[in-house]
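Have a look at the structure below, then the notes.
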Amino acid sequence: MAQLQKSDLVKNWLLGYSSETCYNYERLQALGNANAFIPIIKRLYKKEEYAQEIKKYLNFFNTEPSYMGTVIHGITAAMEEKRANDGTVSADEIISVRSALMGPLAGIGDVVSQSIVYPILAGVCIQLALAGNYAGPILFEVIYKVIMLTLGYNMYMLGYKKGKTAILDFLKTGVLNEILELVSIVGLMVVGSMAASNVSFGFNVIGWTVTNDLGSVAFNLQETVFDALLPGLVPLALVLGVWGLLRNKVKPNTIILLSFLLAFITVGLGVLCGVIK
31 MAQLQKSDLV
41 KNWLLGYSSE
51 TCYNYERLQA
61 LGNANAFIPI
71 IKRLYKKEEY
81 AQEIKKYLNF
91 FNTEPSYMGT
101 VIHGITAAME
111 EKRANDGTVS
121 ADEIISVRSA
131 LMGPLAGIGD
141 VVSQSIVYPI
151 LAGVCIQLAL
161 AGNYAGPILF
171 EVIYKVIMLT
181 LGYNMYMLGY
191 KKGKTAILDF
201 LKTGVLNEIL
211 ELVSIVGLMV
221 VGSMAASNVS
231 FGFNVIGWTV
241 TNDLGSVAFN
251 LQETVFDALL
261 PGLVPLALVL
271 GVWGLLRNKV
281 KPNTIILLSF
291 LLAFITVGLG
301 VLCGVIK
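For the sequence shown, the numbering used here puts the final residue at 307, and the numbers step up evenly by one.
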């Protein structure tokens, strides 16, 4: 009876991070995945069966490879073990399960990695770096990799231990959606604070002082109006404006040019106000 060892599973999991090796537009991650499953194939099958069994991994495949997508590799390893031992799992079933899961796991994995972990961690570490702390970029690289490897390993082992029902059970509980919603809120708070603290734009240049016999009154559009109503409103509006332009498929270079134009106008107003005074 062929039995996978812990070392085989760890090799398969680690090699899965090279799934975009030989990445191509015909099969995307197929060649990298075929390479990742060589330890599994070698452990379970005879030498003369290697070539035939590895062919199933040369089909089109593409998913998020680091955080949540590793569960597919764990499920596949369990199915390969069952196929090698009793033949109740066919090669077509393995291909079908992988193809069915790669889309949903890609969506979930991208949300976790790109919309939650990356912006929250980057937001904290960027603030450290801007303050002159060299630990900012170092902490980002270390913590990001620790989270990625920890989550990737546990998802892989979850897939292997529970087989193809793993992800279905995980999704049915609804726990994943609650966690994603909670962390997404935190991520939005971090991004919002970054917009307020790192985007420097306002109407401080527009202001004047009125003097008469009773005294003088100073008026500044930014301090008197915007900061009094809602501090950070103008930077937030600028960020949302850029986001709106991107959603309307305005080219990034055009947005950059518009930003420069806006900067020149506000600087010009400041100079003009200074001349008038």
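Don't be surprised by glycine CBs; every beta carbon is placed ideally from N, CA and C.
Start and end residues, alpha helix (DSSP H) containing residue i
| i | result |
| --- | --- |
| K77 | Neither: K77 is in no alpha helix (DSSP H) and is coded neither H nor E. |
| M187 | 165-192 |
| P265 | 263-277 |
| T106 | 100-116 |
| Q157 | 148-160 |
| A121 | 121-140 |
| K281 | From DSSP, K281 is part of no alpha helix (DSSP H); its letter is neither H nor E. |
| L44 | 36-45 |
Inter-residue CB distance, residue i and residue j (contact presumed, cutoff 8 Å)
| i | j | result |
| --- | --- | --- |
| S143 | E79 | About 36 Å separates the two Cβ atoms, so there is no contact after all. |
| Y190 | L39 | 6 Å |
| L151 | Y174 | 6 Å |
| G62 | Y55 | Not quite, the Cβ-Cβ distance comes to about 14 Å (not below 8 Å), so this is no contact. |
| V101 | L74 | About 20 Å separates the two Cβ atoms, so there is no contact after all. |
| G104 | Y186 | 4 Å |
| T48 | A66 | Looking at the sequence provided, one finds Ser at residue 48 rather than Thr. With 8 Å as the limit, S48 and A66 qualify as a contact, their Cβ atoms being about 7 Å apart. |
| I125 | V147 | Not a contact, Cβ separation roughly 31 Å. |
Spatial neighbours of residue i in its chain, beta-carbon cut-off 6 Å, leaving aside the 5 residues before and after
| i | result |
| --- | --- |
| L275 | I285 |
| G139 | E94, Y97, M98, G99 |
| M109 | V119, I124 |
| L181 | Y97 |
| A161 | none |
Beta-bridge pairing of residue i - partner residues as DSSP gives them
| i | result |
| --- | --- |
| L58 | N54, F91 |
Close beta carbons around residue i, own chain, < 7 Å, minus the five adjacent residues each side
| i | result |
| --- | --- |
| K112 | T118, V119 |
| N42 | A66, F67, P69, I70, H103, A107 |
| C155 | G166, P167, L169, F170 |
| M132 | F91, N92, T93, I102 |
| K307 | Unreliable placement is indicated for K307, whose pLDDT of 44 sits below 50; no coordinate value is reported for it. |
| R128 | F91, I102, T106 |
8 Å CB neighbourhood of residue i in its chain, flanking five on each side removed
| i | result |
| --- | --- |
| R57 | L88, N89, F90, F91 |
| N278 | none |
| Q59 | S49, E50, Y53, F91, N92, T93, P95 |
| A64 | I84, Y87, L88 |
| P282 | L276 |
| V172 | none |
| Q35 | R73 |
Distance CB(residue i)-CB(residue j) smaller than 8 Å
| i | j | result |
| --- | --- | --- |
| I71 | E83 | yes |
| G153 | A159 | no |
| A121 | K86 | yes |
| A130 | A32 | no |
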